[in-house]
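J.:
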Amino acid sequence: MTVGEVEVGVVDLYADDLGALKQRDVALASAMADAAALRIFERVLAGEDASAGFGGSSRRVVHQATGMVCAQLRVNPDDALVVIRAHAFASGRSVVQIAESIVGREIDFTV
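With the numbering used here as the guide, the letters of the sequence shown map in order to residues 230 to 340.
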């Protein structure tokens, strides 16, 4: 899903039967994806959480927490995200919940 040159998401299509999807179905799915992409982009520009209503996760808080873990542990963003995911797995919580706790300073990885 793109708006201009900005990629805002991905759409997967599945069929009940074997074989290629019908051209009409692909065209309809493409039009629906374009409409959804535009709406997501509008929400981002308006400062809303674009993921609300689309799975409930918040990329913004995860990105912010990743930056905080980078600073705390002096690691790159990929490694910081691994730390967040590992902590989420070990605690039985979601990545977003852990990220919110990091941003809220309830979790601190400094020694």
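Yeah, the Cβ is synthetic: ideal placement off N, Cα and C, and Gly gets one too.
#1: Taking 7 Å as the CB-CB cut-off, is residue 337 touching chain B?
#2: Relative to the alpha-carbon of residue 258, which residue among 308, 270, 302 and 244 has its alpha-carbon at the smallest distance?
#3: Please report the distance separating the alpha-carbon of residue 230 from that of residue 271.
#4: Evaluate the contact criterion for the segment 259–268 versus the segment 286–300: three or more CB pairs, one atom per stretch, below 8 Å.
#5: Can you give me the Cβ contacts of residue 251 inside the same chain, cut-off strictly under 7 Å, excluding the 5 residues immediately before and after it?
#6: Rounded to a whole number of angstroms, what is the C-alpha to C-alpha distance between residue 269 and residue 309?
T.: Taking the coordinates as given:
#1: Annotation note: the requested chain B is absent from the structure, which comprises a single protein chain.
#2: 244
#3: 14 Å
#4: No, they do not touch.
#5: none
#6: 27 Å
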